[in-house]
Each structure stands twice: as C-alpha cells, then as structure tokens.
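Asks:
There are 2 protein chains.
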Amino acid sequence: MLSQMEAFLERVEQCNTLGELNQVVAGLRDVFQVNHVVYHSVNSDGEPYALATYDADWAEHYEKEELYRIDPVVLSAFQRFNPYSWKSLSWEKKPARRFFLEAMDGGVGNQGVSVPIRGPHGEFSLFSLSHTCSDEEWSKFLSHWMSDLLLIGHYLHSAVRVLENMDEITEYVSLSPRETDALRLLGAGMNRGRAAEFLKISEHTLRVYIESARFKLGAANTTHAVAKAMAQGLISI
Amino acid sequence: MLSQMEAFLERVEQCNTLGELNQVVAGLRDVFQVNHVVYHSVNSDGEPYALATYDADWAEHYEKEELYRIDPVVLSAFQRFNPYSWKSLSWEKKPARRFFLEAMDGGVGNQGVSVPIRGPHGEFSLFSLSHTCSDEEWSKFLSHWMSDLLLIGHYLHSAVRVLENMDEITEYVSLSPRETDALRLLGAGMNRGRAAEFLKISEHTLRVYIESARFKLGAANTTHAVAKAMAQGLISI
DNA sequence: TGAACACTAGCCGTTTATGGCGAGGTCACC
DNA sequence: GGTGACCTCGCCATAAACGGCTAGTGTTCA
Numbered sequence: 012m013l014s015q016m017e018a019f020l021e022r023v024e025q026c027n028t029l030g031e032l033n034q035v036v037a038g039l040r041d042v043f044q045v046n047h048v049v050y051h052s053v054n055s056d057g058e059p060y061a062l063a064t065y066d067a068d069w070a071e072h073y074e075k076e077e078l079y080r081i082d083p084v085v086l087s088a089f090q091r092f093n094p095y096s097w098k099s100l101s102w103e104k105k106p107a108r109r110f111f112l113e114a115m116d117g118g119v120g121n122q123g124v125s126v127p128i129r130g131p132h133g134e135f136s137l138f139s140l141s142h143t144c145s146d147e148e149w150s151k152f153l154s155h156w157m158s159d160l161l162l163i164g165h166y167l168h169s170a171v172r173v174l175e176n177m178d179e180i181t182e183y184v185s186l187s188p189r190e191t192d193a194l195r196l197l198g199a200g201m202n203r204g205r206a207a208e209f210l211k212i213s214e215h216t217l218r219v220y221i222e223s224a225r226f227k228l229g230a231a232n233t234t235h236a237v238a239k240a241m242a243q244g245l246i247s248i
Numbered sequence: 012m013l014s015q016m017e018a019f020l021e022r023v024e025q026c027n028t029l030g031e032l033n034q035v036v037a038g039l040r041d042v043f044q045v046n047h048v049v050y051h052s053v054n055s056d057g058e059p060y061a062l063a064t065y066d067a068d069w070a071e072h073y074e075k076e077e078l079y080r081i082d083p084v085v086l087s088a089f090q091r092f093n094p095y096s097w098k099s100l101s102w103e104k105k106p107a108r109r110f111f112l113e114a115m116d117g118g119v120g121n122q123g124v125s126v127p128i129r130g131p132h133g134e135f136s137l138f139s140l141s142h143t144c145s146d147e148e149w150s151k152f153l154s155h156w157m158s159d160l161l162l163i164g165h166y167l168h169s170a171v172r173v174l175e176n177m178d179e180i181t182e183y184v185s186l187s188p189r190e191t192d193a194l195r196l197l198g199a200g201m202n203r204g205r206a207a208e209f210l211k212i213s214e215h216t217l218r219v220y221i222e223s224a225r226f227k228l229g230a231a232n233t234t235h236a237v238a239k240a241m242a243q244g245l246i247s248i
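Chains as they are written, first to last, in the numbering used here: chain H, 12 to 248; chain D, 12 to 248.
#1: DSSP three-state label for D:Ile221, please.
#2: Going by the CB atoms, is the gap between D:Ser158 and H:Leu162 shorter than 7 Å?
#3: Please report the residue range of the beta strand (DSSP E) in which H:His269 lies.
#4: For D:Gln90, would you say it is in contact with chain H, using Cβ-to-Cβ distances shorter than 7 Å as the test?
#5: Where do the ends of the alpha helix (DSSP H) carrying D:Ile248 lie?
#6: Taking the C-alpha atoms as reference points, what is the distance between D:Glu76 and H:Ile248?
#7: To which residues does DSSP link D:Ile128 through a beta bridge?
#8: Helix, strand or coil for H:Val119 per DSSP?
#9: Exposed or buried, what is H:His155 when buried is set at 16 or more other beta-carbons lying within 10 Å of its beta-carbon?
#10: Assign D:Ala63 to one of three DSSP states: helix, strand, or coil.
#11: Quick check: the Cα distance between D:Val173 and H:Asn93, rounded to an integer number of angstroms?
#12: Would you check if there are 3 or more beta carbon pairs closer than 8 Å linking the segment 215-225 of chain H to the segment 62-72 of chain D?
#13: Can you tell me the Cα-Cα spacing of D:Leu86 and D:Arg108, whole angstroms?
#14: Residues of the segment 159-178 of chain D in Cβ contact with chain H at a cutoff of 8 Å, in chain order, please.
#15: Mark D:Glu17 as exposed unless 16 or more other C-beta atoms lie within 10 angstroms of its C-beta, in which case mark it buried.
#16: Count the C-beta pairs between the segment 119-138 of chain D and the segment 23-30 of chain D that are closer than 8 Å, then say yes if the count reaches three, no if not.
#17: Tell me the DSSP secondary structure of H:Ser6 in three-state form.
#18: Just to make sure I have the definition right: I need the residues of chain H whose C-beta is within less than 9 Å of the C-beta of D:Ile248. Which are they?
#19: Sort H:Ala114, H:Gly200, H:Gly120 and H:Arg195 by Cα distance to D:Ala230 and report the nearest one.
#20: Does the segment 109-122 of chain D come within contact of the segment 179-198 of chain D, defined as at least 3 CB pairs closer than 8 Å?
#21: Quick one, are the C-beta atoms of H:Leu140 and H:Val48 less than 7 Å apart?
#22: Can you pull the chain D neighbours of H:Arg22, defined as C-beta to C-beta under 7 Å?
#23: Just how far apart, CA to CA, sit H:Phe43 and H:Glu148?
#24: Could you tell me whether the Cβ atoms of H:Tyr50 and H:Val36 are closer together than 7 Å?
#25: Kindly indicate which three-state DSSP category D:Ser158 falls into: helix, strand or coil?
#26: Taking the straight line between their C-alpha atoms, what separation do you get for D:Asn232 and H:Thr234?
#27: Quick one: what does DSSP say H:Val184 is sitting in, helix, strand or coil?
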C-alpha cells in the first residue's frame with residue numbers, strides 16, 4: 012500500500028494541467044474504494060474551483076443554490092486543523108439537515124472526511140472523500156488512511172500552486188526591522204500612541220516607519236499596508 | 012521504519028505537557044540521526060516559543076541579538092508551502108552570510124530543512140532539522156524523509172493546539188456577507204467613503220458592518236479587524 | 001409571537017490618522 | 001568620501017475614524 016501511495020504522489024507532481032490532475036484525483040476513487048473524491052481550492056484572488064467526481068446534477072444544484080453557505084463541511088472548514096469526519100459536524104439545524112438529505116439524494120453518501128490545507132497567501136483547500144457505509148466502517152477507514160489523506164491533500168495543493176505559478180518566491184519588498192515592528196503592532200490592534208510607547212520611540216518616529224512602509228508597499232493607508240504586508244508574509248499577527 | 016514513525020506520532024498525541032513534548036521532539040534526533048531538531052510555534056496572540064535541542068549558548072545569542080530578523084530560514088518561511096532545504100535560500104547578502112557562520116559556530120550545522128505549518132487562526136509553526144553533511148547526503152536524506160517530516164510537523168502542531176486548548180471549535184466567528192465585503196474593501200486600501208460608494212450603501216451603514224465585524228473578531232480598530240480576518244482566512248486581498 | 005440578527009440610515013462630538021514642513025545622527029557599501 | 005538606507009525627533013493643519021445616540025425593515029427560528 013505504501014508504494015501505491017508514493018507512486019500516486021509522484022503522479023500528482025508530474026501533472027502539467029488541471030485536466031490531468033482531475034484525472035488523477037478521480038483515480039483515487041479506485042484506490043480508496045469510495046463514492047467520491049473532491050479537491051476544492053480557494054486561492055486568494057482567483058475564483059474558487061473544484062476537481063470533483065460528483066454527479067453533474069448535484070454539482071450544478073450545489074453551485075446554483077449556493078449551498079456552500081449552509082454546508083457544514085465548508086462552514087467549519089476554516090476552524091479545523093486536522094482532517095475531520097463529516098459525522099463530527101453539527102447537523103441539527105434545519106438547513107443543514109435538509110442539505111444532508113439533498114446530498115444523499117445527490118449520491119454523495121452518508122459518510123465523509125475533509126482535510127483542510129492552508130497555503131502562504133491565504134489560500135485554502137479542502138480535500139474530501141465521501142462514501143456510503145456504517146459509522147464503524149468509516150471510523151476504521153479513517154484511522155487507517157489518516158496520514159495518507161494528509162499527504163495527498165498537501166501534494167494536491169502543492170501541484171495546484173505549481174500549475175497556477177503561485178510557488179514562485181517573489182522578493183516583493185523588504186521592510187526594515189522597525190517598519191516590520193510598526194506594522195505588526197498596528198496589525199495587532201495598537202494605535203500609534205501605544206505602538207510608539209511599546210517600541211519606546213516617539214509617536215512621530217513611528218509615523219515615519221508607517222509611512223515608509225506604506226510607500227514601499229504601495230499602500231493607500233495603514234490598514235492597506237498591514238493587509239499587504241500580511242498577504243506577502245512580511246508580518247504575522 | 013514506518014512502524015517507528017507511527018509509534019512516534021502516537022507518542023506525540025499522548026503528550027500531556029509541553030515538557031513531555033519537548034522530550035519527544037528531542038528524541039527525534041536519534042531517529043533521524045541529525046544534529047538538532049526544532050519546533051517553533053507562533054500563535055496569533057500568545058508568545059512564540061520553541062522546543063529545540065540547540066545549545067543554550069546559541070539559543071541565547073539568537074534570542075538576544077534578535078537574529079530572526081536576518082535569519083533567511085525565518086524570513087522566507089511565511090512564503091513557503093513545501094518543506095524547504097536551507098541550501099535553497101539566498102545567503103549572498105552580508106548579514107545572512109555572517110548569520111550562517113555564527114550558526115555553524117553555534118553547532119547548528121551546515122544543512123537544514125524546515126517544514127512550515129499553518130493553523131486555522133493564523134497560527135504558524137516551523138518544524139526544522141539541522142545537520143552537518145554534504146549536499147548530496149542531505150538531498151538524499153530529504154527525499155527519503157519528506158513525507159514523514161510533513162506528518163511530524165502536522166502532528167506536533169496538532170499536539171500543541173491540544174495543549175493550548177486551541178483545538179476547541181469556538182462558536183465559529185462567521186462574518187456576514189456585508190461584513191466580509193466591508194473588511195475586504197478596507198483591506199484593499201479604500202477608505203470608508205469609497206468603500207460605501209463601491210457597495211452602494213451609505214457610509215454610516217458601512218460603519219455598522221465594520222463595527223459589528225470588529226465586535227465579532229474582538230478587534231480594537233479597523234486595521235486590527237482586517238488583520239484578524241485575514242489571519243483567519245475570512246477575507247483575502 | 002417575540003427574540004435575534006442582518007441590512008439600511010442619520011447626527012454630533014471626540015479622538016486618531018494623515019500630509020507636509022523641518023532637522024540630525026549612524027552605518028554600510030562602492 | 002559620497003550615496004543611500006536606516007533610525008530618531010518636532011510642529012501644524014486637515015482628513016478620517018471612532019463612540020454613542022436613535023430608528024426602521026425583513027428574515028429566521030425557537
């Protein structure tokens with residue numbers, strides 16, 4: 012099994028188009044013996060898109076009705092770190108329950124697992140499997156494949172990054188230490204007075220840093236500068 | 012080897028204190044046969060901290076001189092998705108070269124690899140190994156252990172999340188569509204007037220969105236709200 | 001059916017940020 | 001030995017953000 016997974020990861024790395032990647036993702040259905048496989052990516056500027064084996068009817072319905080607004084799998088995704096079984100989500104509320112029934116109708120299955128993946132520039136992906144089986148079977152499946160799911164999610168995301176030219180390390184701009192300090196503290200919620208106090212410099216001096224950082228980043232104001240610096244990985248809060 | 016890794020991952024999951032985790036991390040030195048192992052975590056509000064096997068002298072020197080400001084490993088970390096060899100970084104500039112020599116002196120080694128890990132609330136971790144060997148040996152080492160490094164990084168981060176009670180699914184902060192719009196536009200550099208115009212609502216109404224978003228996010232001001240929303244993946248610019 | 005929440009809107013006063021003017025120091029690098 | 005990048009400080013005026021007040025609609029849900 013291990014070698015099968017290694018071979019798969021290599022295949023992912025060698026994909027040159029999203030179409031090929033789609034084929035490879037679809038091929039996972041046979042590897043895992045599950046109903047469906049989905050890789051859904053949200054990169055920072057572009058449109059979100061999905062590589063999925065779902066029936067066209069269900070996919071269209073999902074899209075048209077904007078079901079991601081009520082889909083518990085999607086709604087909780089941003090809060091999760093580890094892969095999570097869909098059974099662990101809250102399906103009590105009415106829209107969620109209706110969604111579940113519709114998804115069953117759409118051939119998704121009664122079980123599922125999703126792997127959240129986060130990239131450097133706010134990119135976010137969700138790699139999911141869905142199936143029809145009992146809770147025990149699914150739980151067994153998950154504990155067996157957990158690590159592989161993590162790795163596949165990572166490699167898929169990496170492949171997409173390469174295809175979208177997002178893997179280039181662009182040396183955007185470099186901020187001086189003080190500029191970094193200033194933006195970090197402002198991003199952390201301090202006003203200029205507090206930040207200056209924290210850095211033990213005059214408020215005016217702080218302003219100089221903010222403005223030079225703004226200039227370097229081509230930002231219109233402080234908020235913009237902080238947002239750009241975060242997006243470029245220059246600061247983190 | 013596989014079973015050894017599985018056993019290790021289980022040990023990580025069973026740690027009840029950071030001290031135990033530190034022991035386990037240190038134990039990786041024997042598994043991988045490398046000079047040093049480091050797990051460095053930056054969670055959004057709290058203090059950053061490290062579990063490292065470095066000599067106290069070097070750790071102290073690093074801390075005192077704020078070497079993370081010039082450490083290429085750290086500086087490029089936020090832009091990376093895949094594990095990266097330290098050799099792939101740019102060491103041309105003078106401060107970086109001096110840092111490299113000092114690190115060698117500090118017993119770090121001439122080779123290294125770092126695995127970036129991102130969590131749901133803007134948390135960021137770096138799991139690194141460092142060693143002394145030739146480029147070819149290190150390259151071989153990396154291609155052999157790559158997947159395991161990814162998994163270990165993930166499990167370490169997960170363990171820290173559990174120990175810090177960060178794994179609880181807090182009644183998720185969800186922003187309304189309008190709140191999201193507001194923060195996104197402000198993060199993109201518009202002032203309130205422009206953003207309101209763009210959304211075709213009154214400036215006051217926009218303010219209501221900003222303030223409710225601020226309240227939800229526990230942010231002190233607009234800049235803070237945008238930064239937090241970005242860190243949590245709620246918006247992207 | 002009432003509570004909770006999203007969306008919409010205005011006014012007033014205070015605080016904070018920004019834009020523009022100035023100055024002087026260290027340090028590295030060519 | 002100059003050039004540029006970085007760090008430090010002050011004053012003045014305007015623009016913008018913030019805090020607090022009130023008030024209506026519509027939807028959703030218990």
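No residue lacks a Cβ here, since even glycine has one placed at the ideal position from N, Cα and C.
Replies: This is what the structure holds:
#1: Note: D:Ile221 maps to helix in three-state DSSP.
#2: In contact: H:Leu162 and D:Ser158 (Cβ atoms closer than 7 Å).
#3: No information on residue 269 of chain H is available, as it lies outside the stretch 12 to 248 that chain H covers here.
#4: At a cut-off of 7 Å between beta-carbon atoms, D:Gln90 makes contact with chain H.
#5: Boundaries cannot be given for D:Ile248, as no alpha helix (DSSP H) includes it and DSSP labels it neither H nor E.
#6: Answer to the nearest angstrom: the Cα atoms are 21 Å apart.
#7: Under the DSSP definition of a beta bridge, D:Ile128 partners with D:Ser136.
#8: Coil.
#9: So H:His155 counts as exposed.
#10: Here D:Ala63 sits in strand by DSSP.
#11: Per the coordinates, the alpha-carbon of D:Val173 lies some 11 Å from the alpha-carbon of H:Asn93.
#12: Touching, no, given that fewer than three Cβ pairs across the two stretches are closer than 8 Å.
#13: Each residue's Cα considered, the two are about 14 Å apart.
#14: Cβ contacts with chain H: Leu161, Leu162, His165, His168, Ser169, Arg172 and Asp178.
#15: Around the Cβ of D:Glu17, a 10 Å sphere holds fewer than 16 other Cβ atoms; the residue is exposed.
#16: In this structure the segment 119-138 of chain D does not lie against the segment 23-30 of chain D, because fewer than three pairs of beta carbons, one per stretch, are closer than 8 Å.
#17: There is simply no residue 6 of chain H to check, as chain H begins at 12 and stops at 248 in what is shown.
#18: Chain H residues near D:Ile248: Ser55, Asp56, Gly133, His235, Ala238, Lys239, Met241 and Ala242.
#19: That would be H:Gly200, whose Cα lies nearest to the Cα of D:Ala230.
#20: The segment 109-122 of chain D is not in contact with the segment 179-198 of chain D.
#21: Cβ atoms of H:Leu140 and H:Val48: closer than 7 Å.
#22: Ordered by position in chain D, no residue passes the 7 Å Cβ test against H:Arg22, which lies about 15 Å from the chain.
#23: Their Cα atoms are separated by approximately 13 Å.
#24: Taking 7 Å as the cut-off, the Cβ atoms of H:Tyr50 and H:Val36 count as close.
#25: D:Ser158: helix per DSSP, three-state reduction.
#26: The alpha-carbon separation between D:Asn232 and H:Thr234 amounts to approximately 10 Å.
#27: Of the three classes helix, strand and coil, the one that applies to H:Val184 here is coil, per DSSP.
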